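One structure below.
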Amino acid sequence: MPQSLPTLCGSIMGSPFSLSAKIHNAAYAALGLDYTFVCFGIEDPVAGVAAIRTLGVRGMNVSMPYKTVVMEHLDAIDESALVIGAVNTINNVDGVLTGYNTDYLGAVRALQEVCELNKKRVAVIGAGGAARAVVYGCLQAAARVTVFNRSSERGKVLSSDLGAHWGGGVETFAAQDFDIVINATSVGFKQPDSNPLDGLLASHLIVMDVAFMPVRTALLLQAAELGCRTVSGTRMLVHQACRQIELYTGMEAPIDIMEQAMLEEIQRLNL
Ligand SMILES: NC(=O)c1ccc[n+]([C@@H]2O[C@H](COP(=O)([O-])OP(=O)(O)OC[C@H]3O[C@@H](n4cnc5c(N)ncnc54)[C@H](OP(=O)(O)O)[C@@H]3O)[C@@H](O)[C@H]2O)c1
């Protein structure tokens, strides 16, 4: 019999996906905590938030397409999540639900393992939820950020909302104008042959991809071939999960164990 009442954490998403459960449960085991993480596939995000309160779920990850819609149903929103306009983490402390965005921290922590961001010229490709988090994080770290996106309307809105420069369509990206380029589109995710910057890279660039399946995307493979330094989407993913562990447990996250669990699960999923 367990020595304590187990604590429940989980994720609400459109279609349940095993990766977060593997990463979180590996962390809880390593920390010796009687926590369990369960992936809930739901269709009604408002009922999902109510269930957190009813069941006393300690922490809930939120995936697309619910990152924005849950916000108005929480008790408080962290300042960063408010500016980004998306919550991917709900922290339940004594019945008070606060929404956070850990994606931006994941991106910044992963990039800062490779270089300082202060005054760096950063090109972000994309204008969806991930791009908003990446742009916000880079601006917080005092980088000079330019956004490129297929749809100019969405790109311009993101740039003006967050205070970045608007660059235009991806074809107008010129490598010599930047130190770092980040793919924050969905191109390349579960698409091992798709590279959104095919033929546009140069060896001086640091190249990051937010796509995390496969681990080495076509973009990262081409960048490595050119001699660029690279930052993988899996590194961002594990860093954003570390922040969730810090929030849900108040303890330091065992990043190496979490990364190993993540990579094993991606390999098992065969991507
Ligand atoms: N590593 C991590 O920790 C992490 C965290 C969060 C998300 N992600 C990943 O980030 C990616 C983006 O997620 P999201 O939530 O931002 O998605 P989203 O809101 O749907 O945005 C998708 C973005 O991709 C662009 N795009 C889609 N198809 C395209 C194409 N064929 N050609 C050019 N641009 C295209 C869209 O351009 P338009 O505006 O023109 O449609 C938009 O900028 C996903 O792969 C997700 O898994 C990774």
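The sequence shown: position 2 = 3 (my numbering), numbered continuously.
We put the CB at the ideal spot given by N, CA and C, even for glycine.
Keep in mind it's a predicted model, so treat the numbers as computed, not measured.
Tell me the DSSP bridge mates of residue i?
{"i": "G200", "result": "According to DSSP, which records beta bridges pairwise, G200 is partnered with nothing at all."}
{"i": "F41", "result": "I13"}
{"i": "N26", "result": "Beta-bridge pairing links N26 to no other residue."}
Compare the C-alpha of residue i against each of the options and name the closest.
{"i": "N92", "options": "E265, I258, E247, E266", "result": "E247"}
{"i": "V208", "options": "R230, K120, G60, G100", "result": "R230"}
{"i": "Q113", "options": "K191, M65, A165, A143", "result": "A143"}
{"i": "K68", "options": "Y101, I267, E172", "result": "Y101"}
{"i": "V239", "options": "H25, L6, I13, P7", "result": "H25"}
{"i": "D95", "options": "A224, V58, A254", "result": "V58"}
{"i": "V188", "options": "Y105, K121, A131", "result": "A131"}
{"i": "M72", "options": "S233, C40, V50", "result": "V50"}
{"i": "F38", "options": "L32, N62, R110, G15", "result": "N62"}
Express the C-alpha separation of residue j and residue i in angstroms, rounding to a whole number.
{"i": "P17", "j": "S152", "result": "29 Å"}
{"i": "I1", "j": "R244", "result": "Residue 1 is absent from the model: the chain starts at 2 and stops at 272."}
{"i": "L222", "j": "L202", "result": "11 Å"}
{"i": "G200", "j": "L98", "result": "46 Å"}
{"i": "L159", "j": "G138", "result": "13 Å"}
{"i": "G164", "j": "G107", "result": "20 Å"}
{"i": "A30", "j": "G11", "result": "15 Å"}
{"i": "E172", "j": "S195", "result": "15 Å"}
{"i": "T8", "j": "A28", "result": "14 Å"}
{"i": "S81", "j": "Q141", "result": "10 Å"}
{"i": "L83", "j": "D162", "result": "12 Å"}
{"i": "F190", "j": "I53", "result": "30 Å"}
{"i": "V211", "j": "A224", "result": "14 Å"}
Is residue i buried or exposed, if buried means 16 or more other CB atoms sit within 10 Å of its CB?
{"i": "V136", "result": "buried"}
{"i": "K23", "result": "buried"}
{"i": "N271", "result": "exposed"}
{"i": "P197", "result": "buried"}
{"i": "D45", "result": "exposed"}
{"i": "A48", "result": "exposed"}
{"i": "Q177", "result": "exposed"}
{"i": "R133", "result": "buried"}
{"i": "A219", "result": "buried"}
For ligand 3, is there any heavy atom lying closer than 8 Å to the beta carbon of residue i?
{"i": "D104", "result": "For ligand 3, the structure offers nothing, since it holds only ligand 1."}
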